[in-house]
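Chemist: Encoded as structure tokens, here's the structure I'll be asking about.
Protein chains in written order, with this note's numbering: chain X, 1 to 284; chain P, 1001 to 1275.
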């Protein structure tokens, strides 16, 4: 059907709006590059890994301590949150009676809705002192991992829940006809069928964990050194930016934008892989 | 068989564990925060770096930041959603590019939005640390969520409406304004509310864009402290601020709970998937 004149004008207007929305990502990348450039053009990128330490004011830009803190925290949180989240989804789908499942799903939704700063506050005032009793100082990689786990668990649970709900009824009936036990059905039929949902849920959760700032900043201790144990205070890439942006100038500021670029790169890779695993996804 | 029983036990244990952690967190906040909550707490200015007094100016700043975010992102988001859902053939290059770019935008960490907002709005556009900078930064951040939800809402609007309108010779713009948008209204409102909820929970993107100042803002170009930033500042930088931080956290959670509950019920009524 051909478009009328008004339609064409409206379409053009909408196109401008959509173009603006689409350009924001490029604008973000452009400004990250622009602000990083002052530093990137003086130092080779290897120095971010080979310098002695992170002392940007003295011209030392080693980001590996922060990078490893981010990776350890993300890895730990995903290792904990993936089984817990998957178990929560299984509970909803196959174990809880409908009413209880609805209540539990709502609770997971509420958990997802708590702002990160509140998780951080709770972690700092409740969890960190408890862990400090176990092994001082309390604010540590472990505390960060636990809080992150709590934050990304709903992402895993809700995504896997949706994936499990899409398991065909025919498979469920066939499993019942074959006399499979509940766990036999879950491990042999449901989880394999929903595996792309499991993968994309876990990856999305990992993306959230990498990008999370406030909660980790508040509970992980913020010492910019290489972590050697779970009880060491650590500083993630995101926390580093949040802590130092307030007073950073010149090359120091540029170095923070470089770590922003690094974060962006990590998240882009994850988004790409997650998309490859699962076509249908919502912005959890 | 014992494997089956073990699995049942473990899975139920996880459900109990998650539920108890949730109530542990909530009880902690209520025990410490509830005694501070009172009428004056909502209107008084904060005193002594927030240790005493209320959160009046902070609520005003938060509301203004959210207002800026929504007023700017809503038209842009609605335009994009309408274009993607009504004016783009499935699989067209432009549509695919826009969608891909929004997917990436949805994955950008909030602190990176903060960096961008600081470099672009505060410095490049010269808006400084202000409510305007913070709101515009949040507008960029919530755009993907807004567009996705609004688009889903439009797609659920019955196709018969489009066909009937075309058969009657209505222009697409008329069909849009008279049929599709009114029909999708609950979904569009849900999209807006979800976006407000997301923006209200944000901290990292605001610290370096709208700033820390906890006075009552005079204009949109003043720095204003959002509720979430207030909680952060009280618990990290102010010794003895924990009780007021708990109270502020309760207010924030309550606010988000109301917003999200309305959004969810609207969305459910409209049968669209919400995050």
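Just so it is clear, CB atoms sit at the ideal spot from N, CA and C, and this is done for glycine as well. Because the structure is a prediction, the values reported are computed rather than measured.
Can you give me the C-alpha to C-alpha distance between residue 217(X) and residue 233(X), rounded to a whole angstrom?
Modeler: Whole-angstrom Cα-Cα distance: 10 Å.
Chemist: Is residue 123(X) helix, strand or coil by DSSP?
Modeler: Correct three-state label for residue 123(X): helix.
Chemist: Along the chain, where does the alpha helix (DSSP H) containing residue 274(X) start, and where does it finish?
Modeler: Run containing residue 274(X): 250 to 277, per the alpha helix (DSSP H) assignment.
Chemist: Taking a Cβ distance cut-off of 7 Å, strictly less, list which residues of the region 70 to 87 of chain X are near chain P, in chain order.
Modeler: Of all residues in the region 70 to 87 of chain X, 84 and 87 have a Cβ within less than 7 Å of some Cβ in chain P.
Chemist: Can you tell me which residues form a DSSP beta bridge with residue 61(X)?
Modeler: Per DSSP, 54(X).
Chemist: Report the neighbours of residue 66(X) on chain P: residues whose CB is nearer than 8 Å to its CB, in chain order.
Modeler: The premise fails here: residue 66(X) is roughly 12 Å from chain P at the closest Cβ pair, so nothing lies under 8 Å.
Chemist: Starting from the beta carbon of residue 1172(P), find every residue of chain X whose beta carbon is closer than 9 Å, and list them in chain order.
Modeler: Within 9 Å Cβ-Cβ: 1, 3, 4, 6, 7, 10 and 11.
Chemist: Roughly how many angstroms separate the alpha carbons of residue 1058(P) and residue 1251(P), rounded to a whole number?
Modeler: C-alpha separation (whole angstroms): 12 Å.
Chemist: Any C-beta of chain X within less than 8 Å: which residues of the region 1087 to 1120 of chain P qualify?
Modeler: From the region 1087 to 1120 of chain P, only 1087, 1094, 1097, 1098, 1101, 1102, 1103, 1104, 1105, 1106, 1107, 1108, 1109, 1110, 1111, 1112, 1113, 1114, 1115, 1116, 1118, 1119 and 1120 have a Cβ closer than 8 Å to chain X.
Chemist: Listing by chain order, which chain X residues have their CB less than 9 Å from the CB of residue 1257(P)?
Modeler: Ordered by position in chain X, the residues that pass the 9 Å Cβ test against residue 1257(P) are 110 and 113.
Chemist: Applying a beta-carbon distance threshold of less than 8 Å, which residues of chain X neighbour residue 1192(P)?
Modeler: Near residue 1192(P) there are no residues of chain X at all, since even the closest Cβ is about 15 Å away, more than 8 Å.
Chemist: Does the region 1168 to 1182 of chain P touch the region 1096 to 1104 of chain P, meaning 3 or more C-beta pairs lie closer than 8 Å?
Modeler: Verdict: no, contact absent.
Chemist: Do three or more CB pairs link the region 1256 to 1268 of chain P to the region 1049 to 1064 of chain P at distances below 8 Å?
Modeler: Contact between the region 1256 to 1268 of chain P and the region 1049 to 1064 of chain P is absent, because fewer than three Cβ pairs lie under 8 Å.
Chemist: How would you list, in chain order, the residues of chain P whose beta-carbon sits under 8 Å from the beta-carbon of residue 196(X)?
Modeler: Those do not exist, as residue 196(X) stays about 17 Å from chain P at its closest Cβ, beyond 8 Å.
Chemist: Examine the ligand ATP and report whether any of its heavy atoms sits within less than 7 Å of the Cβ of residue 185(X).
Modeler: As far as ligands go, the structure on display features none, and thus does not contain the ligand ATP.
Chemist: If contacts are defined as beta-carbon pairs under 8 Å, then residue 223(X) and residue 63(X) qualify, I think. What distance do you get, rounded to the angstrom?
Modeler: So it is not a contact: roughly 15 Å between Cβ atoms.
Chemist: Let me see if you follow: with CB-CB separation under 8 Å, is residue 283(X) close to chain P or not?
Modeler: Because the pLDDT at residue 283(X) is just 48, under 50, the model does not fix this residue reliably, and the value given afterwards should be weighed accordingly. Chain P contact via Cβ: present.
Chemist: Taking the continuous alpha helix (DSSP H) assigned at residue 238(X), which residues delimit it?
Modeler: Run containing residue 238(X): 237 to 244, per the alpha helix (DSSP H) assignment.
Chemist: May I ask you to verify whether the region 1191 to 1204 of chain P touches the region 1140 to 1158 of chain P, counting CB pairs closer than 8 Å and requiring at least 3?
Modeler: Enough Cβ pairs lie closer than 8 Å, so yes.
Chemist: Might you give, ordered along the chain, the residues of its own chain that have their beta carbon closer than 7 Å to the beta carbon of residue 159(X), omitting 5 neighbours on each side?
Modeler: The residues are 197, 200, 201, 204 and 284.
Chemist: Going along chain P, which residues have a C-beta under 7 Å from residue 31(X)?
Modeler: Chain P residues near residue 31(X): 1116, 1119 and 1120.
Chemist: Would you say residue 182(X) lies against chain P (beta-carbon separation less than 8 Å)?
Modeler: Chain P contact via Cβ: present.
Chemist: Going by the DSSP bridge assignment, what does residue 234(X) pair with across the sheet?
Modeler: DSSP, once it has assigned bridges, lists 221(X) as partnering residue 234(X).
Chemist: Classify residue 1219(P): buried if its beta carbon has 16 or more other beta carbons within 10 angstroms, exposed otherwise.
Modeler: Exposed, by the Cβ-count rule.
Chemist: With a cut-off of 8 Å, do at least 3 Cβ pairs link the region 132 to 149 of chain X to the region 229 to 249 of chain X?
Modeler: These segments touch.
Chemist: Any C-beta of chain P sitting closer than 8 Å to the C-beta of residue 276(X)?
Modeler: No, its Cβ sits nowhere closer than 8 Å to a Cβ of chain P.
Chemist: To the nearest angstrom, how far is the alpha carbon of residue 8(X) from that of residue 1172(P)?
Modeler: In a straight line, the C-alpha of residue 8(X) is about 9 Å away from that of residue 1172(P).
Chemist: Cα separation between residue 5(X) and residue 1169(P)?
Modeler: Between residue 5(X) and residue 1169(P), the C-alpha separation is close to 14 Å.
Chemist: Starting from the C-beta of residue 163(X), find all residues in its chain whose C-beta is less than 6 Å away, skip the five residues before and the five after it, and write them out in chain order.
Modeler: If we look at residue 163(X) and ignore the five residues flanking it on each side, its Cβ neighbours are 194 and 197.
Chemist: Measuring alpha carbon to alpha carbon, tell me which residue in 1108(P), 1069(P) and 1166(P) is nearest residue 1135(P).
Modeler: If we check each option's Cα against that of residue 1135(P), 1069(P) comes out closest.
Chemist: Checking contacts by CB at 8 Å: is residue 1218(P) closer than that to chain X?
Modeler: Chain X contact via Cβ: absent.
Chemist: Between the Cα of residue 243(X) and those of 1233(P), 1249(P) and 1039(P), spot the shortest distance and give me the residue it belongs to.
Modeler: Nearest C-alpha to residue 243(X): 1233(P).
Chemist: Can you tell me which of the three DSSP states residue 284(X) falls into?
Modeler: Confidence at residue 284(X) is low in this model, with a pLDDT of 42, below 50, so its placement is unreliable and the value that follows should be read with caution. Here residue 284(X) sits in coil by DSSP.
Chemist: Can you check whether the C-beta of residue 1161(P) is within less than 8 Å of a C-beta belonging to chain X?
Modeler: Residue 1161(P) does not count as touching chain X.
Chemist: Buried or exposed: where does residue 228(X) fall if 16 or more other Cβ atoms within 10 Å of its Cβ makes it buried?
Modeler: Residue 228(X) comes out exposed.
Chemist: Out of 1253(P), 1255(P) and 1208(P), which one is the CA nearest neighbour of residue 286(X)?
Modeler: With chain X covering only 1 through 284, there is no way to say anything about residue 286(X).
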